[in-house]
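Asker: Handing you this structure, nothing more for now.
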Amino acid sequence: MGSISDHNGLQTVDISAYLHSNDPVSRKAKADELVKAIHGHGACGIVGHNIHIETWREALERSKEFFDLPLEEKRKVDHPQGTVPHRGYTGMGRESIYSKDELEAMAGNPGARADKALDWNEHYDIGSDQEPVHHNRWVDEKTMPGFREFMKDFLQKLEQLHRAVLDALLLGLEVEPSEDYFRSLHAGPQGGIRLLHYPSLLESTIDRQATTWWPPHTDFTTFTFLIRDQNQGLEIEDRSQPRTFIPATTEIRDRIWFTMGDFGEVWSNGYLPASKHRVMIPSPPPGLSTTTERFSIPYFVNPRSDDSALLITFLYDGFLFLCVDVNERENQNRPRGVSV
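Going by UniProt numbering, the letters in the sequence shown line up with residues 1 to 340, in that order.
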């Protein structure tokens, strides 16, 4: 496969040379290629990543097995009360992401939130068992034999990939090798996966002006890997034409989509922009009245929570200051989320 292929403005990078080459010139060239690909829209496709397609398929199959469980079984591992941590099961319509237009429309209208059309999905969040604060809520082994061990191993593979990609980004951005600050920000078990299920819907019940699987948002992360089935829906905003979107298509079976998050935009001094993306509900297949369900697994890469304030301080002292603090960006109305 070629190193970069043009995909309606989105590029796909084969990172195998970076992962396996001992030639520093080849590795630097590939790192530069990756940074250039992300610079345009904050997103690109990645292949040659060492996540085998068989592992990918099994992860999606096990995800489907979980969502096929009776609701009472899924509720046994419910997400804890409150906004954090992202652990456990969140049922249909229990989490909403708001677009900028929706936030503006809601201003001064306390009842607007109740009028919002549901974002139709359910999800199950899993992080490292080594994370000292946020604990996983695992399905009982008797209910889903082997599920826990498989997901722990899958998470470990994604952690290895995120470290390699982070190193490539730092090399491409020409961060001094002696400066290990950014690596230390992401040391330890900071990644997490979200098993996502978008259900099939009766076309006649969908308000296509208001209902989505997820509205436009950016992820409040450093960056995100997006693994999904062969059903379309993910779209990336075209930064050269705001409010227009490019379909992130599925014809390359083992392509992982990469999206930059809010923190990643900050620590790259804005050179790698946070990708605004959405998940639309495709029309039903010809002759059918219901849409096709969709499964995806985003993997979120986050900085260490105990160092987030240091991240802002470092960027303030060393680079152009892009945000006010960890909770307030220059663009305060920018919608954020953690879904694909």
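We put the beta carbon where it would ideally sit given N, CA and C, even for glycine. Note that this is a predicted model, so its numbers are computed, not measured.
Can you give me the Cβ contacts of residue 172 inside the same chain, cut-off strictly under 7 Å, excluding the 5 residues immediately before and after it?
Answerer: Within the sequence shown, the letter at position 172 stands for residue 172. Excluding sequence neighbours, residue 172 sits near 31, 32, 34, 35.
Asker: Assuming residue 202 and residue 290 make a contact with CB atoms under 8 Å, what is their CB distance in whole Å?
Answerer: Looking up residue 202 in the sequence shown gives position 202. Looking up residue 290 in the sequence shown gives position 290. About 5 Å separates the two Cβ atoms, so the contact holds.
Asker: Select from 154, 176, 231 the residue whose C-alpha is nearest the C-alpha of residue 285.
Answerer: Residue mapping note: residue 285 aligns to position 285 of the sequence shown, counting from 1. Nearest C-alpha to residue 285: 231.
Asker: Sorted by chain position, which residues of the same chain lie with C-beta nearer than 7 Å to residue 10's C-beta, five sequence neighbours on each side aside?
Answerer: For the purposes of this step, residue 10 is taken as residue 10 along the sequence shown, with counting starting at 1. Result list for residue 10: 41, 43, 44, 45, 236, 246, 248, in chain order.
Asker: With 16 as the cutoff for other CB atoms within 10 Å, does residue 190 come out buried or exposed?
Answerer: Residue 190 sits at position 190 when you count from the first residue of the sequence shown. Buried, since its Cβ has 16 or more Cβ neighbours within 10 Å.
Asker: Applying the 10 Å Cβ sphere with the 16-neighbour rule, what's the burial state of residue 270?
Answerer: Numbered from 1 along the sequence shown, position 270 holds the residue referred to as residue 270. So residue 270 ends up on the exposed side.
Asker: Please name the residue in 195, 37, 182 whose C-alpha comes closest to that of residue 65.
Answerer: The residue you call residue 65 lines up with position 65 of the sequence shown. Taking only the C-alpha atoms, the option nearest residue 65 is 195.
Asker: Tell me whether residue 219 is buried or exposed, calling it buried when 16 or more other Cβ atoms sit within 10 Å of its Cβ.
Answerer: Sequence index remark: in the sequence shown, residue 219 carries index 219 (1-based). It is buried - the Cβ of residue 219 has at least 16 other Cβ atoms within 10 Å.
Asker: Do the stretch 265-279 and the stretch 214-228 meet, that is, are 3 or more Cβ pairs less than 8 Å apart?
Answerer: A contact exists between the stretch 265-279 and the stretch 214-228.
Asker: Determine contact between the stretch 252-264 and the stretch 48-61, defined as no fewer than three beta-carbon pairs at a distance below 8 Å.
Answerer: Yes, since at least three Cβ pairs between the stretch 252-264 and the stretch 48-61 fall closer than 8 Å, the two stretches touch.
Asker: If you compare alpha carbons, which of 147, 148, 155 is closest to residue 225?
Answerer: Within the sequence shown, numbered from 1, the residue matching residue 225 stands at position 225. Looking at the Cα atoms, 155 is the closest of the given residues.
Asker: In chain order, what are the residue ranges of uninterrupted alpha helix (DSSP H) at least 4 long that sit wholly in the UniProt domain "Fe2OG dioxygenase" (189-303)?
Answerer: As far as the UniProt domain "Fe2OG dioxygenase" (189-303) is concerned, its whole alpha helix (DSSP H) runs of at least 4 residues are 262-267.
Asker: Quick one: residues in its chain with C-beta nearer than 8 Å to the C-beta of residue 258, no 5 flanking neighbours on either side, listed in chain order?
Answerer: Reading the sequence shown from its first residue, position 258 is the one you call residue 258. Same-chain partners within the cutoff: 38, 43, 44, 45, 46, 165, 223, 224, 225, 226.
Asker: What's the gap between the Cα of residue 15 and the Cα of residue 205?
Answerer: Position 15 of the sequence shown holds residue 15. Position 205 of the sequence shown holds residue 205. Each residue's alpha carbon lies about 43 Å from the other.
Asker: DSSP three-state label for residue 129, please.
Answerer: Residue 129 sits at position 129 when you count from the first residue of the sequence shown. Three-state result, residue 129: coil.
Asker: Can you check whether the CB of residue 140 is closer than 8 Å to the CB of residue 192?
Answerer: On the sequence shown, position 192 is the one that residue 192 refers to. On the sequence shown, position 140 is the one that residue 140 refers to. No, these two residues do not count as a Cβ contact at 8 Å.
Asker: According to the neighbour-count rule (16 or more other Cβ atoms, all chains shown, within 10 Å of its Cβ), is residue 50 buried or exposed?
Answerer: Taking the first residue of the sequence shown as position 1, residue 50 is located at position 50. Counting Cβ neighbours within 10 Å, residue 50 comes out exposed, since fewer than 16 surround it.
Asker: Taking DSSP's pairing of strands, which residues face residue 88 in a bridge?
Answerer: As a working mapping, residue 88 is identified with position 88 in the sequence shown. Paired residue(s): 125.
Asker: Looking at the secondary structure, which residues open and close the alpha helix (DSSP H) in which residue 32 lies?
Answerer: Translated into positions along the sequence shown, residue 32 becomes position 32. Unbroken alpha helix (DSSP H) run through residue 32: 24-41.
Asker: In the DSSP assignment, find the unbroken alpha helix (DSSP H) run with residue 170 in it and report its ends.
Answerer: On the sequence shown, residue 170 is found 170 positions in, with the first residue counted as 1. 147-172 is the extent of the alpha helix (DSSP H) around residue 170.
Asker: Taking the beta carbon of residue 22 as the centre, do at least 16 other beta carbons fall within 10 Å, making it buried, or is it exposed?
Answerer: Here residue 22 refers to the residue found at position 22 of the sequence shown. By the neighbour-count rule (16 or more Cβ atoms within 10 Å), residue 22 is not buried but exposed.
Asker: When you compare the CB positions of residue 86 and residue 301, do they come within less than 8 Å of one another, or not?
Answerer: Counting from 1 along the sequence shown, the entry for residue 86 is found at position 86. Counting from 1 along the sequence shown, the entry for residue 301 is found at position 301. Contact flag unset, no.
Asker: Taking only the alpha-carbon atoms, compute the straight-line gap between residue 13 and residue 168 and give it to the nearest angstrom.
Answerer: Along the sequence shown, one-based indexing puts residue 13 at 13. Along the sequence shown, one-based indexing puts residue 168 at 168. C-alpha separation (whole angstroms): 12 Å.
Asker: Residues in the same chain with beta-carbon distance under 8 Å from residue 379, minus the five sequence neighbours each way, listed in chain order, please.
Answerer: The requested residue 379 is not part of the displayed model; the chain covers only 1 to 340.
Asker: Can you check which of these residues, 131, 27, 67, 303, is closest to residue 184 by C-alpha distance?
Answerer: Looking up residue 184 in the sequence shown gives position 184. Minimum Cα distance to residue 184 is reached at 303.
Asker: Would you identify the three-state DSSP class for residue 69, choosing helix, strand or coil?
Answerer: Position 69 of the sequence shown, counted from the start, is the residue given in the question as residue 69. Three-state result, residue 69: coil.
Asker: Are the CB atoms of residue 353 and residue 80 nearer to each other than 8 Å?
Answerer: With the chain represented from 1 up to 340, any question about residue 353 goes unanswered, as that position is not in the structure.
Asker: Starting from residue 19, follow its DSSP beta bridges and name the residues at the other end.
Answerer: As a first step, residue 19 must be located in the sequence shown, where it is residue number 19. Per DSSP, none; premise fails for residue 19.
Asker: Ignore the nearest five residues each way along the sequence and tell me which others in residue 137's own chain have a CB closer than 8 Å to its CB.
Answerer: Sequence index remark: in the sequence shown, residue 137 carries index 137 (1-based). So the list reads 77, 78, 79, 80, 87, 88, 89, once near-sequence residues are dropped.
Asker: Determine the closest residue to residue 263 out of 239, 221, 241, with distance taken between C-alpha atoms.
Answerer: Sequence index remark: in the sequence shown, residue 263 carries index 263 (1-based). With distances taken between Cα atoms, residue 263 lies closest to 221.
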